[in-house]
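Below is one structure; the comments refer to it alone.
Residue numbers (this note's numbering): 120 to 513.
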């Protein structure tokens with residue numbers, strides 16, 4: 120057996136320097152996301168807004184994500200990605216400050232919409248940064264490291280944000296703004312006078328067409344990502360209420376399930392990605408889809424905390440396999456040309472899943488009961504598999 124598969128992984132040599140830089144960037148930026156974690160609570164408790172108004176305001180943020188995902192990709196074709204990212208971080212910091220000071224509902228709606236646009240654009244640009252600064256062989260690894268950094272940052276943000284919210288909600292906004300400025304400084308120092316890599320076409324990924332709308336494998340991949348997004352996102356919008364209604368579990372146990380998911384990603388993402396490098400992208404995506412379908416589809420079939428933890432572990436393993444692989448597949452297609460369009464379309468489709476999933480899941484839950492949500496999620500994950508096969512055909 121070659122050194123490539125000997126454990127433990129030598130992290131210093133396993134990742135390129137820019138992979139660490141971009142992972143640190145996403146970790147710091149996720150600390151600023153504590154605003155998103157506590158926004159609904161802030162609007163309801165601190166501003167005493169009706170729950171219906173809170174829902175519409177948060178929907179505005181989701182709409183902004185959708186717009187920014189595509190907009191960021193299109194802008195990156197006309198402006199240097201690094202400079203554009205730095206500018207968006209700077210503007211985002213001041214939007215966060217204003218969100219902590221403004222109390223007028225219409226102004227809040229506009230700020231949340233704009234905040235969503237900025238966040239969506241930054242997410243899209245981050246994927247392009249990985250392509251521009253990491254070698255082809257390092258991109259899957261960089262995706263894995265970024266997922267670890269993202270989950271770790273969100274876990275820390277939840278703890279810190281909870282402490283600040285008990286003191287004064289405004290500190291959540293102000294500290295988030297400070298984290299955005301810190302991310303800006305870190306990113307500018309790391310990318311100053313650093314050349315981007317020449318974007319060679321990848322023989323496996325390029326299709327000969329430089330327009331994503333005519334790139335059939337990419338369109339199949341978009342379809343698969345929409346189905347996987349619709350199958351995965353109810354974990355965040357529906358799982359809590361489902362466990363309360365059907366498993367009779369309290370908020371503390373429900374919170375531990377999300378913590379278990381984050382811990383598993385932090386601990387297992389890099390080793391599993393390293394181990395699965397010998398697999399093709401098709402098999403990683405198919406295995407991830409099956410595990411997601413099994414983990415979510417088993418929820419109506421059992422009960423108890425141990426059974427729930429087993430379900431969480433299974434669908435988390437699926438997430439670990441398919442999430443970074445989807446992003447790497449988009450990068451392979453993007454090297455054929457019009458990369459901003461590729462990244463923008465992919466991010467927009469995933470954001471659309473985030474926007475539609477709570478609505479569709481809520482309708483299923485209300486009309487057919489909570490079990491139908493997870494059976495539907497399992498069916499969507501299975502239905503994505505033929506699309507994956509079409510997207511990965513030679």
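Even for Gly, the Cβ is constructed at its ideal location relative to N, Cα and C.
From a predicted model like this one, the values you see are computed outputs, not experimental measurements.
Among the options, whose alpha-carbon lies nearest the alpha-carbon of residue i?
i, options, result
"residue 138", "223, 250, 289 and 302", "250"
"residue 154", "471, 211 and 368", "211"
"residue 205", "401, 191 and 451", "191"
"residue 144", "248, 485, 427 and 451", "248"
"residue 432", "255, 344 and 380", "380"
"residue 508", "337, 201, 278 and 158", "337"
"residue 103", "342, 460 and 498", "With the chain covering 120 to 513 only, the question about residue 103 has no answer from this structure."
"residue 202", "161, 267, 310 and 278", "310"
"residue 389", "295, 257, 293 and 423", "257"
"residue 209", "483, 495, 241 and 382", "241"
"residue 448", "259, 472 and 158", "259"
"residue 470", "266, 219, 403 and 344", "344"
"residue 269", "502, 439 and 404", "439"
"residue 342", "489, 300, 502 and 169", "502"
"residue 506", "189, 298, 335 and 167", "335"
"residue 276", "148, 489 and 387", "148"
"residue 243", "401, 186 and 289", "186"
Does the Cβ of residue i have 16 or more other Cβ atoms within 10 Å, making it buried, or fewer, making it exposed?
i, result
"residue 332", "exposed"
"residue 272", "buried"
"residue 225", "exposed"
"residue 327", "With a pLDDT of 41 at residue 327, under the threshold of 50, the modelled position of this residue cannot be trusted, and the question is left open."
"residue 223", "exposed"
"residue 283", "buried"
"residue 443", "buried"
"residue 412", "buried"
"residue 200", "buried"
"residue 266", "buried"
"residue 493", "buried"
"residue 319", "For residue 319, the pLDDT reaches just 42, beneath the cut-off of 50, and the residue's location in the model is therefore unreliable, although a value from the coordinates is still provided. Its Cβ having fewer than 16 others within 10 Å, residue 319 is exposed."
"residue 378", "exposed"
Give the range of the alpha helix (DSSP H) segment to which residue i is assigned.
i, result
"residue 396", "It is not in any alpha helix (DSSP H) - residue 396 carries neither H nor E in the DSSP assignment."
"residue 251", "224-252"
"residue 135", "Element bounds for residue 135: n/a, residue is neither H nor E."
"residue 363", "358-365"
"residue 505", "489-510"
"residue 198", "From DSSP, residue 198 is part of no alpha helix (DSSP H); its letter is neither H nor E."
"residue 449", "424-453"
"residue 258", "258-286"
"residue 344", "335-351"
Quiz item: Hey, is the stretch 414-423 in contact with the stretch 462-473, meaning 3+ C-beta pairs nearer than 8 Å?
Solution: No: the two stretches stay apart, fewer than three of their Cβ pairs being nearer than 8 Å.
Practice problem: May I ask you to verify whether the stretch 230-243 touches the stretch 174-183, counting CB pairs closer than 8 Å and requiring at least 3? | Solution: yes
Quiz item: Between the stretch 346-358 and the stretch 475-494, do at least 3 Cβ pairs fall closer than 8 Å?
Solution: yes
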